Structures are given as structure tokens and as C-alpha cells.
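Colleague: Okay, handing you the structure first.
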Amino acid sequence: MDTFDHGIVLSYVSNYIKTCTSDTMDTALRWLASEAKNLKLQLPSEGRLSAATANRVSGLRPLPKIRRMLKERIAMTAHHARPSPLEMRLRWIAETLDLSRADKEILGLAVRAVTSGSLRDLLQSSFLAGGAYDEINEVALVKMLGGTREGIRCRLQNDAPLLTLGLIENRGGDDFAPSGTVLRIARLTSSRPERLEKALIGSTARPELGWSDFCHLGDDRLVAARILTAAFEARGQGVNLLFHGAPGSGKTEFAKTLARRLKARAVFVGESGGLGGEPSRADRISAYTLVRSITNRVPRTMLVVDEADEVFQGVDDEGSGDRRGSKVFINRLLETTDQPTIWITSHPERLGGAVLGRMTLALAFPQPGRRERSRMLKRMLRRQKFVHTEQELEQLAAIPAPPAVLDQAIRAGRMIEGSASDVERVARSVMRAMGGATRDAGRLGVGVTFDPALSSADTDLAILADRIAHGNCKAVSFCLYGLPGTGKSAYGRYLAQRMGLDVVEKRASDLLGPYVGQTEAQIAAAFQEAADKRAMLILDEADSLLRNRAGAHRSWEVSQVNEMLTWMERHPYPFVSTTNLMESLDPATLRRFVFKIQFLPMTWDQTRTAFRRIFSADAPNSLRDLSPLAPGDFDVVARRAAVLDERDPIQLAAMLAAEVAAKPRCATRPIGFLAA
314 MDTFDHGIVL
324 SYVSNYIKTC
334 TSDTMDTALR
344 WLASEAKNLK
354 LQLPSEGRLS
364 AATANRVSGL
374 RPLPKIRRML
384 KERIAMTAHH
394 ARPSPLEMRL
404 RWIAETLDLS
414 RADKEILGLA
424 VRAVTSGSLR
434 DLLQSSFLAG
444 GAYDEINEVA
454 LVKMLGGTRE
464 GIRCRLQNDA
474 PLLTLGLIEN
484 RGGDDFAPSG
494 TVLRIARLTS
504 SRPERLEKAL
514 IGSTARPELG
524 WSDFCHLGDD
534 RLVAARILTA
544 AFEARGQGVN
554 LLFHGAPGSG
564 KTEFAKTLAR
574 RLKARAVFVG
584 ESGGLGGEPS
594 RADRISAYTL
604 VRSITNRVPR
614 TMLVVDEADE
624 VFQGVDDEGS
634 GDRRGSKVFI
644 NRLLETTDQP
654 TIWITSHPER
664 LGGAVLGRMT
674 LALAFPQPGR
684 RERSRMLKRM
694 LRRQKFVHTE
704 QELEQLAAIP
714 APPAVLDQAI
724 RAGRMIEGSA
734 SDVERVARSV
744 MRAMGGATRD
754 AGRLGVGVTF
764 DPALSSADTD
774 LAILADRIAH
784 GNCKAVSFCL
794 YGLPGTGKSA
804 YGRYLAQRMG
814 LDVVEKRASD
824 LLGPYVGQTE
834 AQIAAAFQEA
844 ADKRAMLILD
854 EADSLLRNRA
864 GAHRSWEVSQ
874 VNEMLTWMER
884 HPYPFVSTTN
894 LMESLDPATL
904 RRFVFKIQFL
914 PMTWDQTRTA
924 FRRIFSADAP
934 NSLRDLSPLA
944 PGDFDVVARR
954 AAVLDERDPI
964 QLAAMLAAEV
974 AAKPRCATRP
984 IGFLAA
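Numbering of the sequence shown is given in the working numbering, commencing with residue 314 and proceeding in unit increments.
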């Protein structure tokens, strides 16, 4: 222990002895005797002092001399000893955060109670330590600092600086401990302010993606850049940006990319505890307040707090047992920050209205579309030096996974020296665990890859797909109608693939609810999900939700059609509805569809092409007059043939004929409680 710290510890002991009773004096004197050499005190040996204190009265006789020695030693240290490195670090914290003298003394004792083994021994032997190794109780603070219990307690209130700034943690039961951030600073080897600042701030985070990889954020990314630029130039207070979205959607990476674009420094705050472990809420707040004060003098610096809900959650819970921290303090923290701060969360609903209302901008991170994923994947694969073909790139881009999931999958594939198929398998496994759909938009089903040339319709499907894919309009709607299996839903997914969009696919049965208003709410949720993901919404069996209102007998039959019409008019992304019962749709709904396309049975040329492509054989002539044959029939037969290992063209043709024979010869009404 440094000479200066010896003097500080002796001042604690001197104050404590003044409050000792005859019952506790023996422990204090024994400790002094055992530490006399370390503390450079000329005291009786521990054995002689123990013998003297065996008698309670005689045990008190050495006190005047001991007190005098302690006083002299403390005074000499104060006049001649230079502040220790630990003291310099504590003073730096106090000056940086403008702490009062009382708060600095409390913080110093709490820190030394952890860092000084000899002081820790005295606290434990005197029953003044808390339950954990880093705790000190309120009584010890009062006795060793020489203050009053009311005065100490006042400085340890939840709304007082030591706790609101996250420097001291209230562990309950009148036990307190220094935060992990404070202990991390206390244990540093240097005391120079610039070294302390660097240790706390760390190095600038480097992005791995580029500005163009976040085109799916639209104009919002430009607004965020303009706000931060203005904040850097004007040095205004209270500039807070909220980045929110699903895990892995690129929020943290965009913060790094944004900093690089603005030629600014992004400082990530509060990501480790005192010994590099998991930080507590107090650790994170103390790190933020310290870094905020330090970087106030550094131009073009923005702070980034990841998983921000850990800091804010519970602050807005009025009268709740989950209430944590001071609401006023958090509000002022946001309002008075001199450095623009980016708060990142996957759960904005946990922040509360007061916090959300103080955000300058709330930037939502939707899932990147297929085109954006393809662009990101190119960069990720190049960075990992992962060899791939263009076809494999598009195959990976078809997985509706967040950027972080794709990046980890590529790392895993690189680690095992695997192929693109291994990367795909890894990414899809994580998506299944996350509850995400991983269906390939280019598939008609299990056995057949969709090809518009094999689906017959009253419109050239390939030309329409080309025109739509090269156009700029996203708010386009389609009504695809015709016999089952003709490829209506598959064409919708094919259009989405060509447009570089993901798909949100729903069946009417997914949205219909037995309670009043439930169907309308689920219709709204489906459209909102597609809008949030900037995806194409495909609604199968749409006739169940768009039934002609002229024949409605119940109010909810009308209200659900009205809800559909409202959303169809204002939905900003492609919408596809499919139906086998075109004649049952409400006439008003037909006016909302930009394209109405009838799907027809396959022609003989299409049948021959499909048979050759799928079964690697010429189509028997018996199929020439088979109708209505559809691509869905080929998909079912292809799967059945794979199970049976059937390759005979005659038998395969017979299977197709059986599928056609099984089809109903007239349209039937759907089964369910909506049937008239």
C-alpha cells in the first residue's frame, strides 16, 4: 500500500476508534497491532497488546498514546506524502463528475474497502462489511468517515449523485458497493488523465458494411446523418437518436457506418463491468456519465449505448414494484447530454413514454430486402474470402435472415472450410430457432421450381414480371384467380423475387377469428407486418375475406371487407391476393387491383416442356387432351415418383391423369363458418 493510502486508512481507523465501545476496542487494537509494521506505527506487539486488553479497564489505557500516534502519523502523511495513484484516479472521477467533498470521501472509502486487503480484514472482523466481498455497510461509512448517520444516509439516497450517476450501488440491507466502472478505473495502472480517458473510451469502432448496404432505411438514414451533423456543429444539448428493430437487423453496424460517413468518432459505452465481466445497470450509467463528461471536450464524437432497454426499463413504471432508478434523473440525463447519443434496442416498448418522447429521431430497422441482402452478402463473402458463384449468392440472398445471422453463417462456413450449402444450412437453422420462415420464394412446391413459361394465363407472365421488376412503383396490387394448382401463389413469390422483396404469406384461415373484431385486427397486423418488413404480402383464399357484401347477413361480414379495402388502398408495398372463386368477390375490391390475371390450364406445349424438364423423358401422347392439367399436378406427381422411384413415362402420365380426375368438376364454396 502506498504511503499516502496508509495515512488515509489510518484516518479511517482513528475515526473508528473514537466510536468503539469496550466490546469492540479489542478487535480494533488487535488489528492495529497486526498491521503496525505495514502502517509504520511503533505499537506494542500483538501479543503484549492482547495481554493488556484481556482486562477491559487496563485494555483502555493505551488509547491516549495510540490516538496521539495515529494523529501524528496522519498529519505527517498529509503534509509530506504525495497523493497515491489510486487517490489521483479517485480525484479524477470526482473532478470529472463535479462531486462534492462528502461524495468523494464516501466513494474513496467504498473503493478502498475493496482494494485494500488490510482494511477489508478490519471491516470483516468488526462486522462492518457487507454480505459480498465488495460491500460496505452504512454503519462503517458513518464510523470511519466521522460523519453523522443522517448526513451519510442523505448522500446515499437513490436520487443523490453517487447512486444516480451509477458510482455506488445500493445492494439493500444498508449495504453498498462501488460500481464496476469505478473499480475498473481504480485498478488501472496509470493515473494520467489522458490514459484514464483512453482506457474508459476505448478505440473507435470500425464498421464492416458500407453506406450503400443500408439503402433499405430510405431517407431516414439521411435524416439521421443531418441531425448528427447539426449537433456536432451547434454543440446543442439533448440530441438523442433511437435505433430499434429486430435482433441482428444491423442497428449497431449502422451506428459505426454512420460515424465513418460523418468522419466522427463512435464511442460504445458501458459494455463491460469492473473486471471485464457483465456490467450492471449502475455500471452502464456510471460509464455513460463519465464518458459523456470526458468527451464533452472532444469534437465530432457521438456516444452509442447498445441494449439501451437495460438502462431505461422500469424507470417509467409508476407505482410498480419493477420501478428502477429515478425518472427525473433519466429525463435530465437525456435532456442535458452535450454529446449526441445513439440508443440501440430491440425492445422500444420497454423504454416508456417519457424516454421515447425525448428522442430526437426514432429510426426503425426493418429486415433488408432480397436486393439489399445480396449487396451485403457480396461484401461479407469478400471479407471472409469465401469462394462462391453468382447462383450461390442468390441462393443465400433468398434466406430472409438478418445481416448478423448471415454474417455468422458465413464465418461458420469459413471455419469448417465448407460450401455455400453449408452456409445456407447454418443460416436456416438459426432462422428456424428464431421463428422465422425460410421458404424459398423461387419454389412452386417441393419438387418443381417455378417457371412463368410453364403457367398459362390471359397475360404474358414473363413479360409482366420483367416490366414490374424494372419499374419503380412498389404500391402495386394483383388479383390472381383460376383453378387450384395453376401457380397463382408461386407467381406471387416469383414476382417478389424479381422485385428483390421478401414475402409475407398468409392464408385467409390465418386471419379469420371467432370473436368480433379479431379478424379485422389480424388483417391490419398482416398488412403492417408486410409494411414493416418492406415485403410483398400474399393472401391466399382471399375470397373468404373479400366476399360480396350484397349477400352479407351479419355486420362483421361487412366490416372485414371494409378493413381489407382500407388497407389495400394505402398499403405502400406489393399486395397479391389469390382465389379460386373470382365470381364471389365484392365488386368494390376489383377496382382496387391494378392487375387482374386469370390462370388457365397448361397448354400441350407447356405440358411437354414440363414433362421433359421434370421427368427427363418425352411426354406420352395420352397427355395431349388431358385437362385441366396444372403445374401443381406435376409437383405432386414428382414427389410421389421420388418416393416410389417411378421413372416409366406411361406410369407417370397415369399419375397425372389420376390427379386431374380427382379434381372437382365445378367450383365449390369454402368450408368453414363463413359459408352461407
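The beta carbon of each residue, even a glycine, is placed where N, CA and C say it ideally should be. None of the values given here were measured: they were computed from a predicted structure.
#1: By Cβ distance below 6 Å, which residues in the same chain neighbour Lys801 in space, the five residues on each side in sequence not counted?
#2: Assuming the contact rule is C-beta atoms closer than 8 Å, Ala341 and Cys333 should be a hit. Round their C-beta distance to whole Å, please.
#3: By DSSP, does Gly551 sit in helix, in strand, or in coil?
#4: Given this structure, state the Cα-to-Cα distance separating Gly421 from Arg613, to the nearest angstrom.
#5: Taking just the CA atoms, how far does Asp779 sit from Ala766?
#6: Is DSSP giving Ile259 helix, strand or coil here?
#7: Roughly how many angstroms lie between the CA atoms of Lys691 and Asp961, to the nearest whole one?
#8: Looking at the unbroken alpha helix (DSSP H) that takes in Leu774, where does it start and where does it end?
#9: Helix, strand or coil for Ile514, going by three-state DSSP, please let me know.
#10: Classify Thr772: buried if its beta carbon has 16 or more other beta carbons within 10 angstroms, exposed otherwise.
#11: Which term fits Leu441, buried or exposed, when burial requires 16 or more other beta carbons within 10 angstroms of its beta carbon?
#12: Which residues mark the beginning and the end of the beta strand (DSSP E) in which Phe912 is found?
#13: How many whole angstroms separate the CB atoms of Pro887 and Leu796, which I take to be in contact at a CB cut-off of 8 Å?
#14: Considering only the alpha carbon of each residue, which of Glu418, Ala453 and Arg404 lies closest to Lys331?
#15: With a threshold of 16 other CB atoms inside 10 Å of the CB of Ile851, please say whether the residue is buried or exposed.
#16: Within the continuous beta strand (DSSP E) that includes Thr658, where are the two ends?
#17: Asp1009: which of Leu808, Ser732, Ile781 and Val743 sits nearest, CA to CA?
#18: Curious, which full-length beta strand (DSSP E) runs of at least 3 residues does the segment 840–896 contain?
#19: Measuring alpha carbon to alpha carbon, tell me which of Gln721, Phe642 and Arg696 ends up nearest Ala473.
#20: Between which two residues does the beta strand (DSSP E) harbouring Pro491 extend?
#21: Please report how far the alpha carbon of Asp447 lies from the alpha carbon of Thr316, in whole angstroms.
#22: For Val611, which three-state DSSP category applies?
#23: Using the beta-carbon count (16 or more within 10 Å), is Asp918 buried or exposed?
#24: In the DSSP assignment, the alpha helix (DSSP H) including Ser790 goes from what residue to what residue?
#25: Consider the C-beta atom of Pro887 and the heavy atoms of the ligand FMN; say whether any pair is separated by less than 7 Å.
#26: Does DSSP classify Phe924 as helix, strand or coil?
#27: Just list the alpha helix (DSSP H) runs in the segment 401–470, keeping only unbroken ones of 4 residues or longer that don't cross its boundaries, in chain order.
#28: To the nearest angstrom, how far is it from the Cα of Ala364 to the Cα of Ala423?
#29: Taking the alpha-carbon positions, what's the Ala775 to Arg811 distance?
#30: Counting C-beta neighbours from all protein chains within 10 Å, is the total for Leu435 16 or more, i.e. buried, or is it exposed?
#31: Can you tell me whether Arg519 is buried or exposed? The criterion is at least 16 other CB atoms within 10 Å of its CB, across all chains shown.
#32: Are the CB atoms of Gly479 and Arg597 within a distance shorter than 8 Å?
#33: For Leu571 and Arg548, I'd like the C-alpha separation in whole angstroms.
#34: Which residues bound the beta strand (DSSP E) around Val816?
#35: Tell me whether the segment 557–575 and the segment 604–611 touch, counting them as touching only if at least three CB pairs, one residue from each stretch, are closer than 8 Å.
#36: Going by Cα to Cα distance, which pick from Met689, Pro713, Arg727 and Ala722 is closest to Lys285?
Modeller: By the coordinates alone:
#1: As a working mapping, residue 801 is identified with position 488 in the sequence shown. These residues qualify, in order along the chain: Leu793, Thr891 and Phe912.
#2: Position 28 of the sequence shown, counting from 1, holds the residue named residue 341. Position 20 of the sequence shown, counting from 1, holds the residue named residue 333. About 5 Å; that satisfies the 8 Å criterion.
#3: As a position in the sequence shown, residue 551 is number 238, starting the count at 1. In the structure shown, Gly551 sits in coil (DSSP, three-state: anything other than H, G, I, E or B).
#4: Locating residue 421 in the sequence shown gives position 108, counting from the first residue. Locating residue 613 in the sequence shown gives position 300, counting from the first residue. Spanning the two alpha carbons is a distance of roughly 33 Å.
#5: Taking the first residue of the sequence shown as position 1, residue 766 is located at position 453. Taking the first residue of the sequence shown as position 1, residue 779 is located at position 466. Going from the Cα of Ala766 to the Cα of Asp779 covers about 13 Å.
#6: Lying outside 314 to 989, the shown extent of the chain, residue 259 is not represented and no answer is given.
#7: Position 378 of the sequence shown, counting from 1, holds the residue named residue 691. Position 648 of the sequence shown, counting from 1, holds the residue named residue 961. Distance between the alpha carbons of Lys691 and Asp961 is about 43 Å.
#8: Position 461 of the sequence shown, counted from the first residue, corresponds to residue 774. Counting along the chain, the alpha helix (DSSP H) containing Leu774 begins and ends at Leu774 to His783.
#9: In the sequence shown, counting from the first residue as 1, residue 514 sits at position 201. Helix at Ile514.
#10: For the purposes of this step, residue 772 is identified with residue 459 of the sequence shown, where counting begins at 1. Looking at its Cβ environment, which holds fewer than 16 other Cβ atoms inside 10 Å, Thr772 is exposed.
#11: Position 128 of the sequence shown, counted from the start, is the residue given in the question as residue 441. Under this definition Leu441 is a buried residue.
#12: Mapped onto the sequence shown, residue 912 falls at position 599. It spans Phe908 to Leu913 - the beta strand (DSSP E) in which Phe912 sits, taken as one unbroken run.
#13: As a working mapping, residue 887 is identified with position 574 in the sequence shown. As a working mapping, residue 796 is identified with position 483 in the sequence shown. Going by Cβ atoms, the distance from Pro887 to Leu796 rounds to 23 Å, so no, they are not a contact pair.
#14: Position 18 of the sequence shown, counted from the first residue, corresponds to residue 331. Measuring from the Cα of Lys331, the nearest candidate turns out to be Ala453.
#15: Sequence index remark: in the sequence shown, residue 851 carries index 538 (1-based). Buried, because 16 or more other Cβ atoms sit within 10 Å of the Cβ of Ile851.
#16: What you label residue 658 is simply residue 345 of the sequence shown in a count that begins at 1. Note, Thr658: beta strand (DSSP E), Thr654 to Thr658.
#17: Summary: the structure shown does not reach residue 1009, with the chain confined to residues 314 through 989, and so no result is reported for it.
#18: 849–853 and 888–892
#19: For this step, residue 473 is matched to residue 160 along the sequence shown. Minimum Cα distance to Ala473 is reached at Phe642.
#20: Numbered from its first residue, the sequence shown carries residue 491 at position 178. From DSSP, the beta strand (DSSP E) with Pro491 extends over Asp488 to Pro491.
#21: The sequence position of residue 447 within the sequence shown is 134, counting from 1. The sequence position of residue 316 within the sequence shown is 3, counting from 1. Cα to Cα, the separation comes out at about 23 Å.
#22: Looking up residue 611 in the sequence shown gives position 298. Correct three-state label for Val611: coil.
#23: Working through the sequence shown from its first residue, we reach residue 918 at position 605. Answer is exposed; the Cβ neighbour count stays below 16.
#24: Position 477 of the sequence shown, counted from the first residue, corresponds to residue 790. Counting along the chain, Ser790 falls outside any alpha helix (DSSP H), though it belongs to the beta strand (DSSP E) covering Ser790 to Gly795.
#25: No copy of the ligand FMN occurs in the structure displayed, which carries no ligand at all.
#26: As a first step, residue 924 must be located in the sequence shown, where it is residue number 611. Of the three classes helix, strand and coil, the one that applies to Phe924 here is helix, per DSSP.
#27: 414–428, 430–438, 451–458 and 462–468
#28: On the sequence shown, residue 364 is found 51 positions in, with the first residue counted as 1. On the sequence shown, residue 423 is found 110 positions in, with the first residue counted as 1. Residue confidence for Ala364 is low, a pLDDT of 44 falling below 50, so the modelled location carries little weight; the figure read from the coordinates is stated next. Rounded to the nearest angstrom, the two C-alpha atoms are 33 Å apart.
#29: Residue 775 sits at position 462 when you count from the first residue of the sequence shown. Residue 811 sits at position 498 when you count from the first residue of the sequence shown. Roughly 11 Å between the two C-alpha positions.
#30: Within the sequence shown, numbered from 1, the residue matching residue 435 stands at position 122. With 16 or more other Cβ atoms within 10 Å, it is buried.
#31: In the sequence shown, counting from the first residue as 1, residue 519 sits at position 206. Under this definition Arg519 is an exposed residue.
#32: By one-based count along the sequence shown, residue 597 stands at place 284. By one-based count along the sequence shown, residue 479 stands at place 166. Yes. Within cutoff.
#33: For the purposes of this step, residue 571 is identified with residue 258 of the sequence shown, where counting begins at 1. For the purposes of this step, residue 548 is identified with residue 235 of the sequence shown, where counting begins at 1. Rounded to the nearest angstrom, the two C-alpha atoms are 18 Å apart.
#34: Counting from one through the sequence shown, the residue named residue 816 turns up at place 503. Segment Val816 to Arg820, the beta strand (DSSP E) holding Val816.
#35: no
#36: Examination of residue 285 is not possible in this model, given that the chain is present from 314 through 989 alone.
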